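Enquirer:
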Amino acid sequence: MTPRPVFVDRALSVRIEAAEAAKVEAAALEVAARVPARRAAVAVIAGGRAAFVAPHIRLSRAAGLGMSGPVEARDVEALEDFYASRGTAARILVSPFAHPSLLARLGERGFRLDSLDTVLVRYLAPDAEVQGPEPAARGGVVVRRAARDEGAAWVAASLAAFATPGEPPPDRGDIFDACFHDPGSAHFFASSADGAVAGVGAVYVHERVALLFAGGTLEAHRGRGVQRALIDARLAYARDAGCDLAYSVAQAGSTSQRNLERAGLVAVYSQAELSKSFA
């Protein structure tokens with residue numbers, strides 16, 4: 001079956017940005033509950049969520065603002081205060097379908113564009129042609145869902161997959177372990193034919209929308225179809241969980257975007273990240 005064509009409108013973006021906001025909120029709440037020393041927190045601002053889990057980490061950002069109406073100057077001031085009081089820059093994801101006042105207020109307060117990433121989506125149907133059931137195999141790669149007691153192993157593999165060559169992994173294992181236990185998320189291992197862990201991935205479900213995230217391949221296994229297998233398995237999981245929409249966010253023109261498109265996801269818009277430093 002050919003994936004359903006995607007019409008890009010504000011209603012679609014509202015669903016995507018709501019899932020994005022719910023994801024950062026859920027992550028911050030898990031870290032707050034499991035690692036209180038991190039002082040994780042969440043604030044509701046302009047219909048969205050501002051989340052903090054630790055300084056200088058991607059999860060510490062705001063999402064979903066301006067999707068339900070105009071944004072006032074006091075909203076952006078509250079956003080600044082939330083992050084400045086915690087010793088980190090304010091970062092915010094902005095949809096092109098957000099109320100125009102959001103970008104206007106951010107510009108007035110000195111926010112600057114950091115990046116434009118590509119949002120890709122695929123509609124799911126009960127008979128959608130996605131790989132499943134678990135475990136899924138593609139080209140010798142086997143994908144299975146991680147058990148609840150495999151958090152440490154999943155986190156170790158994730159840190160290795162995203163590590164910068166020649167540098168030690170960042171001190172974020174406690175954060176990733178807390179997020180692993182978020183009941184709204186499911187985590188996956190990909191293994192090679194000899195049983196070695198080759199990659200990891202995760203999916204977060206919110207109101208029938210599935211966010212595919214944290215897809216990473218260990219260096220020795222790259223170029224062997226690991227990510228495609230992980231994408232297919234997570235799409236199958238999302239379909240079976242009752243989702244009718246799956247999406248992911250990738251750097252424009254990246255290998256990740258190409259892998260997602262090969263799995264039937266379609267680029268629909270660019271999501272901006274803006275920031276303001278208080279140093």
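Heads up: the sequence shown begins at 1 in the UniProt record's numbering, then just goes up one per residue.
No residue lacks a Cβ here, since even glycine has one placed at the ideal position from N, Cα and C.
All values reported here derive from a predicted model rather than from experimental measurement.
For the beta strand (DSSP E) holding Phe-189, just list the boundary residues, first then last.
Expert: Working through the sequence shown from its first residue, we reach residue 189 at position 189. Where Phe-189 is concerned, the enclosing beta strand (DSSP E) stretches over 185-191.
Enquirer: So the alpha helix (DSSP H) Glu-20 belongs to, where does it begin and stop?
Expert: Here the question's residue 20 lines up with position 20 in the sequence shown. Unbroken alpha helix (DSSP H) run through Glu-20: 10-34.
Enquirer: Please state whether DSSP places Leu-274 in a helix, a strand or coil.
Expert: In the sequence shown, counting from the first residue as 1, residue 274 sits at position 274. Three-state result, Leu-274: strand.
Enquirer: Considering only C-alpha positions, which residue in the set Ala-272, Glu-108, Val-121 and Tyr-204 is nearest to His-181?
Expert: Working through the sequence shown from its first residue, we reach residue 181 at position 181. Among Ala-272, Glu-108, Val-121 and Tyr-204, the Cα nearest to that of His-181 belongs to Tyr-204.
Enquirer: Let's see if you can read the secondary structure: which residues bound the alpha helix (DSSP H) around Val-71?
Expert: Here residue 71 refers to the residue found at position 71 when the sequence shown is read from its first residue. From DSSP, Val-71 is part of no alpha helix (DSSP H); its letter is neither H nor E.
Enquirer: Please say whether Gly-47 and Leu-29 have beta carbons closer to each other than 8 angstroms?
Expert: For the purposes of this step, residue 29 is taken as residue 29 along the sequence shown, with counting starting at 1. For the purposes of this step, residue 47 is taken as residue 47 along the sequence shown, with counting starting at 1. Their beta carbons are not under 8 angstroms apart, which means Leu-29 does not touch Gly-47 by this criterion.
Enquirer: Where do the ends of the beta strand (DSSP E) carrying Asp-117 lie?
Expert: On the sequence shown, residue 117 is found 117 positions in, with the first residue counted as 1. That run of the beta strand (DSSP E) goes 112-123.
Enquirer: What's the C-alpha gap between Phe-189 and Ala-196?
Expert: Locating residue 189 in the sequence shown gives position 189, counting from the first residue. Locating residue 196 in the sequence shown gives position 196, counting from the first residue. Whole-angstrom Cα-Cα distance: 10 angstroms.
Enquirer: Would you tell me roughly how many angstroms separate the C-alpha atoms of Glu-134 and Ala-229, rounded to the nearest one?
Expert: Counted from its first residue, the sequence shown places residue 134 at position 134. Counted from its first residue, the sequence shown places residue 229 at position 229. For Glu-134, the predicted model reports a pLDDT of 43, less than 50, meaning its position is unreliable; a value from the coordinates is still stated below. Taking the straight line from one Cα to the other gives about 11 angstroms.
Enquirer: Rounded to the nearest angstrom, what separates residue 280 and Leu-120 at their Cα positions?
Expert: The chain is shown from 1 up to 279; residue 280 falls before or after that span and cannot be answered.
Enquirer: On a CA-only basis, which of Arg-39, Gln-257 and His-187 is nearest Val-143? Give me that one, please.
Expert: Walking along the sequence shown from the start, residue 143 turns up at place 143. Cα-wise, what sits closest to Val-143 is His-187.
Enquirer: In this structure, does DSSP put Ile-45 in helix, strand or coil?
Expert: Looking up residue 45 in the sequence shown gives position 45. If DSSP states are grouped into helix, strand and coil, Ile-45 belongs with the strands.
Enquirer: When you compare only the Cα positions, how much space is there between Thr-217 and Leu-106?
Expert: The count along the sequence shown starts at 1 and reaches residue 217 at position 217. The count along the sequence shown starts at 1 and reaches residue 106 at position 106. Distance between the alpha carbons of Thr-217 and Leu-106 is about 36 angstroms.
Enquirer: Are the CB atoms of Val-200 and Ala-157 within a distance shorter than 8 angstroms?
Expert: Translated into the one-based positions of the sequence shown, residue 157 becomes position 157. Translated into the one-based positions of the sequence shown, residue 200 becomes position 200. Yes, the pair counts as a contact, with Cβ atoms nearer than the cut-off.
Enquirer: Return the CA-CA distance between Pro-169 and Leu-159, expressed in angstroms with no decimal places.
Expert: As a first step, residue 169 must be located in the sequence shown, where it is residue number 169. As a first step, residue 159 must be located in the sequence shown, where it is residue number 159. Computed Cα separation, rounded: 6 angstroms.
Enquirer: With a 10 Å radius around its C-beta and 16 neighbouring C-beta atoms as the bar for buried, classify Ala-161 as buried or exposed.
Expert: Along the sequence shown, read from residue 1 onward, the residue named residue 161 stands at position 161. So Ala-161 counts as buried.
Enquirer: Do Ala-51 and Val-44 have their CB atoms nearer than 8 angstroms?
Expert: Position 51 of the sequence shown, counted from the first residue, corresponds to residue 51. Position 44 of the sequence shown, counted from the first residue, corresponds to residue 44. No, the pair does not count as a contact, with Cβ atoms beyond the cut-off.
Enquirer: Below 8 angstroms between beta carbons: does that hold for Val-8 and Val-268?
Expert: Along the sequence shown, read from residue 1 onward, the residue named residue 8 stands at position 8. Along the sequence shown, read from residue 1 onward, the residue named residue 268 stands at position 268. Result yes, Cβ atoms of Val-8 and Val-268 sit closer than 8 angstroms.
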